[in-house]
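J.: Here's a structure for you.
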Amino acid sequence: MSTSPKSAPRIRRVTRVIRDIDPWSVFKVGLVFHFVAYLIMLVALVLLWSVASATGTIDNIQQFMKSFGWESFEFKGGQLFVNVMILGLLGVVLATALWVLAATIFNLITDLVGGIRVTVLEEEVVVGSVESHGKR
Numbered sequence: 001m002s003t004s005p006k007s008a009p010r011i012r013r014v015t016r017v018i019r020d021i022d023p024w025s026v027f028k029v030g031l032v033f034h035f036v037a038y039l040i041m042l043v044a045l046v047l048l049w050s051v052a053s054a055t056g057t058i059d060n061i062q063q064f065m066k067s068f069g070w071e072s073f074e075f076k077g078g079q080l081f082v083n084v085m086i087l088g089l090l091g092v093v094l095a096t097a098l099w100v101l102a103a104t105i106f107n108l109i110t111d112l113v114g115g116i117r118v119t120v121l122e123e124e125v126v127v128g129s130v131e132s133h134g135k136r
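Once you know that position 109 of the sequence shown is 109 in the UniProt record's numbering, the rest is easy, because the numbers rise by one and skip nothing.
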């Protein structure tokens, strides 16, 4: 059994051109990204509402609004939360659609101008020869 000497990776600069972004992959990534952000915002909203309710801030705001003559002003937590959920889902759909539209516009523009040139470093590891361990 022989050991090959350690070899340092060879690094070379390579220019690549980004000409196309797949709208379907943008849709999938965008949908997951926006839905996770939506869930995080909902959890933050519930925590913030709980803290505001426990500290009496909600009641203070309601009393403040009533002092201006809005006697029927009242926060209805359940209704408010449902409305925020619906608007948030609409935002997820809209933001994802905008990402797909942007990818499609990018593809159309790169057809005209040729794409975006990016210089990357590629590492190429040279592996020494490996001898067979057993003979038949």
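Glycine included, C-beta positions come from ideal geometry on N, C-alpha and C.
Keep in mind it's a predicted model, so treat the numbers as computed, not measured.
For the beta strand (DSSP E) that I18 lies in, which residues bound it at each end?
T.: 10-18
J.: Would you give the residue range spanned by the beta strand (DSSP E) that I116 belongs to?
T.: 116-124
J.: Measuring CB to CB, does T96 end up less than 8 Å from L31?
T.: It is a contact, given that the beta carbons lie within the stated cut-off.
J.: Could you check the C-alpha separation between F68 and F75 for me, to the nearest Å?
T.: 16 Å
J.: Using 8 Å as the threshold, is the segment 39-58 in touch with the segment 96-107, meaning 3 or more CB pairs across them?
T.: No, they do not touch.
J.: If you draw a straight line from the alpha carbon of Q62 to that of V82, how long is it in whole angstroms?
T.: 20 Å
J.: Among the residues of its own chain, which have a CB less than 6 Å from the CB of R10, if the five just before and after it don't count?
T.: E124
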